[in-house]
Amino acid sequence: MKNGSLPNPAWPPLQSRLPGVAWPAVPGQQGLLLAALLTQLEQSQWWPAAAIEKAQLRQLRQLVEHAQRHSRFHAERLAGFRPDQARGLQDCLAAIPLMRRADLQSCRADIDCAWLPPEHGEVSLAQSTGSTGEPVAVRRSGLNGLIWMAMTLREHLWQRRDFSQSLAVVRAQLAEEDVARRGVSCADWGPPVNHLFASGPSYGMSLQTDVTRQAEWLRQIMPAYLLTYPNNLSALLDLAEADSVALAGLGRLKQVRTIGETLRDPLRERCRCVLGVGVADLYSTQEVGVIAIECPQGDGYHVMSEGLVFELLRDDDQPCAAGEMGRVVVTDLHNFATPLIRYDLGDLAVADGPCACGRGLPKVRRILGRERNLLRLPDGRRFWPLVGAFGYRDVAPVRQYQIIQRSLERVTLRLAVERPLSVAEEAALAEKLVEFLGYRFVVDFDYCTPEIPRGPGGKFEDFICEIAD
Ligand SMILES: [Zn+2]
Numbered sequence: 004m005k006n007g008s009l010p011n012p013a014w015p016p017l018q019s020r021l022p023g024v025a026w027p028a029v030p031g032q033q034g035l036l037l038a039a040l041l042t043q044l045e046q047s048q049w050w051p052a053a054a055i056e057k058a059q060l061r062q063l064r065q066l067v068e069h070a071q072r073h074s075r076f077h078a079e080r081l082a083g084f085r086p087d088q089a090r091g092l093q094d095c096l097a098a099i100p101l102m103r104r105a106d107l108q109s110c111r112a113d114i115d116c117a118w119l120p121p122e123h124g125e126v127s128l129a130q131s132t133g134s135t136g137e138p139v140a141v142r143r144s145g146l147n148g149l150i151w152m153a154m155t156l157r158e159h160l161w162q163r164r165d166f167s168q169s170l171a172v173v174r175a176q177l178a179e180e181d182v183a184r185r186g187v188s189c190a191d192w193g194p195p196v197n198h199l200f201a202s203g204p205s206y207g208m209s210l211q212t213d214v215t216r217q218a219e220w221l222r223q224i225m226p227a228y229l230l231t232y233p234n235n236l237s238a239l240l241d242l243a244e245a246d247s248v249a250l251a252g253l254g255r256l257k258q259v260r261t262i263g264e265t266l267r268d269p270l271r272e273r274c275r276c277v278l279g280v281g282v283a284d285l286y287s288t289q290e291v292g293v294i295a296i297e298c299p300q301g302d303g304y305h306v307m308s309e310g311l312v313f314e315l316l317r318d319d320d321q322p323c324a325a326g327e328m329g330r331v332v333v334t335d336l337h338n339f340a341t342p343l344i345r346y347d348l349g350d351l352a353v354a355d356g357p358c359a360c361g362r363g364l365p366k367v368r369r370i371l372g373r374e375r376n377l378l379r380l381p382d383g384r385r386f387w388p389l390v391g392a393f394g395y396r397d398v399a400p401v402r403q404y405q406i407i408q409r410s411l412e413r414v415t416l417r418l419a420v421e422r423p424l425s426v427a428e429e430a431a432l433a434e435k436l437v438e439f440l441g442y443r444f445v446v447d448f449d450y451c452t453p454e455i456p457r458g459p460g461g462k463f464e465d466f467i468c469e470i471a472d
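Numbering-wise (our numbering), the sequence shown opens with residue 4 and increments by one.
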């Protein structure tokens with residue numbers, strides 16, 4: 004099965020979890036599960052596309068049959084459908100209607116399964132910050148977490164990262180913001196890397212930290228790898244271009260890793276130019292985990308087909324040909340708690356043909372998805388606003404929101420609502436928003452029916468900064 008002519012990266016040193024055993028390493032329970040999955044992923048990535056689709060169909064049947072039995076939503080929509088009689092993956096998919104974010108928002112209780120195998124592990128709620136500005140929540144099992152970790156490790160292995168080096172992380176979901184603002188440090192890279200591999204130190208900082216402070220912190224810790232969001236990387240590069248010493252001394256940096264937003268080619272080039280290193284991007288969402296990672300041998304992303312079925316659909320709902328742009332529709336093959344079957348994520352991407360690297364995993368040329376901007380405060384601070392977390396649903400029946408910064412003093416809260424809001428609800432939303440943004444902006448309201456229109460190119464951004472440079 005494996006293409007013998009292509010290099011198969013050797014695993015870096017493993018981390019032993021058994022007391023008294025240094026070598027050969029014996030990993031702990033999570034590490035053993037991840038090793039079992041990674042061993043299979045290293046084989047399946049080289050399977051021909053048809054073999055991957057055949058395996059996906061086997062798993063999709065399991066999922067559909069479970070959903071028909073235990074989810075009211077799917078039982079109704081898929082009544083009478085026999086996935087075991089589908090001739091192939093495409094045939095099976097064609098018989099299943101699309102799910103939209105609005106379905107998750109309005110009838111998640113019906114989508115959720117009343118039962119799932121207890122062996123899938125503990126179920127928890129994953130809140131999406133909303134790549135299209137519509138808040139959604141999905142239940143996910145321990146199994147989903149395991150697959151997510153396996154794909155994250157696969158990305159590290161494809162990029163041949165040296166785990167003995169240090170890692171700096173500037174991101175949103177860091178615990179204890181006060182601590183994070185000062186910078187937190189760990190003895191190793193944390194999960195999932197430390198479940199299986201030995202690793203060097205890592206350092207974390209909140210994305211809401213001013214970029215000047217971030218640069219100081221990076222100069223102190225001199226990381227080999229930096230993980231952050233494209234907009235934040237761009238702000239760091241702006242700073243380095245304006246002040247040559249801001250990021251001087253980052254000579255140990257080997258690579259920047261980006262997550263959470265669309266990475267544009269000019270930013271890759273700027274990073275190479277300013278910091279002298281390349282960028283490795285990862286496409287994931289809270290609802291389904293890791294979707295696609297960059298091919299280590301070429302331009303573009305490979306889809307994580309062992310975990311999900313990925314479709315790119317044109318406006319007429321037909322599959323895109325190579326080079327065409329379409330909507331990302333995914334089926335999470337292992338979520339038996341809130342089955343997402345042909346779920347329209349609200350992101351856009353460009354399809355590609357087979358990859359020259361030889362992997363059978365489908366290729367995506369570009370992820371066009373969402374793009375967030377940095378919020379600007381009158382004192383010159385700039386940071387990424389965590390708009391998805393501001394809790395508007397607790398205050399009013401908001402279906403969709405968009406925040407537009409018009410000036411240093413004024414923001415517009417654009418809403419699509421289930422019913423007209425009262426004056427008191429508007430006031431409460433405005434109060435919550437200024438508290439969340441950390442500055443007393445004047446808040447204007449703007450209502451859209453039935454939904455907030457998309458921007459140029461069909462994209463939707465939940466935060467837009469209209470202040471020109
Ligand atoms: Zn490839």
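Just so you know, even glycine gets a beta-carbon here, dropped at the ideal spot from N, CA and C. Note that the coordinates shown come from a computational prediction; the quantities given were computed from them, not determined experimentally.
One alpha carbon belongs to V248, the other to H305, and they sit about 37 Å apart. Rounded to the nearest angstrom, the Cβ distance from R260 to A283 is 5 Å, consistent with a contact under 8 Å. Non-local C-beta neighbours of L119 in its own chain, meaning closer than 6 Å and more than five positions away in sequence, comprise F339 and A340, ordered along the chain. Here the segment 224-232 makes contact with the segment 164-174; the two share three or more CB pairs at distances below 8 Å. Of all alpha-carbon atoms in S209, A153 and A359, the one lying nearest the alpha-carbon of V187 is that of S209. Three or more beta-carbon pairs separated by less than 8 Å are not found between the segment 292-306 and the segment 33-46, which leaves the two stretches without contact.
Residue environment for S127: exposed (fewer than 16 other C-beta atoms within 10 angstroms of its C-beta). DSSP places E314 inside the beta strand (DSSP E), whose first and last residues are L311 to L316. Nearest to C110 by alpha-carbon distance, out of L343, S287, R271 and A251, is L343. Boundaries of the alpha helix (DSSP H) around A427: V426 to L440. With the criterion CB distance below 6 Å from any heavy atom of ligand 1, the matching residues run C298, Q300, G301, H305, C358, C360 and R362 along the chain.
Where D284 is concerned, the enclosing beta strand (DSSP E) starts and stops at G281 to T288. Counting every other CB atom within 10 Å of its CB across the protein chains shown gives W192 a total of 16 or more, marking it as buried. Within 10 angstroms of the beta-carbon of Y232 lie 16 or more other beta-carbons, which makes it buried.
The continuous stretches of beta strand (DSSP E) do not include M102, and DSSP gives it neither H nor E. Minimum Cα-Cα distance from H77 among the listed residues I114, A399 and K57 corresponds to I114. C-alpha of M328 to C-alpha of Y346: approximately 17 Å in a straight line. Judged by DSSP in its simplified three-state form, S109 adopts helix. Contact check between the segment 17-27 and the segment 319-333: fewer than three CB pairs, one atom from each, fall below 8 Å, which does not count as touching. The distance from the Cβ of A399 to that of V420 is about 7 Å, consistent with a contact at the 8 Å cut-off. Partner residues in the beta bridge of Y228, as assigned by DSSP, are L170 and Q258.
Between A82 and Q71, the alpha-carbon positions lie close to 7 Å from each other. Taking the C-beta atoms as reference points, D465 is found nearer than 8 Å to I406. V277 sits close to E244, with the two beta carbons spaced by under 8 Å.
DSSP places M208 in the uninterrupted beta strand (DSSP E) bounded by S205 to S209. Apart from sequence neighbours up to five positions away, the residues of its chain that approach V353 with a beta-carbon distance below 6 Å are M328, R368 and R369, ordered along the chain. DSSP, reduced to helix, strand and coil, places G31 outside both helices and strands of the structure shown, so it counts as coil. With contact defined as three or more Cβ pairs closer than 8 Å, the segment 85-105 and the segment 54-66 are in contact.
Less than 8 Å separates the beta-carbon of A117 from that of H73. For P453, same chain residues with a beta-carbon under 7 Å away, outside a window of 5 residues either side, are A419 in chain order. Pairing R413 with F444 gives a Cβ-Cβ distance under 8 Å.
For V277, the enclosing alpha helix (DSSP H) begins and ends at D268 to L278. Taking R273 as reference, the option from L242, C298, L160 and Y450 with the minimal CA-CA separation is L242.
Where R85 is concerned, there is no enclosing beta strand (DSSP E), because DSSP gives it neither an H nor an E.
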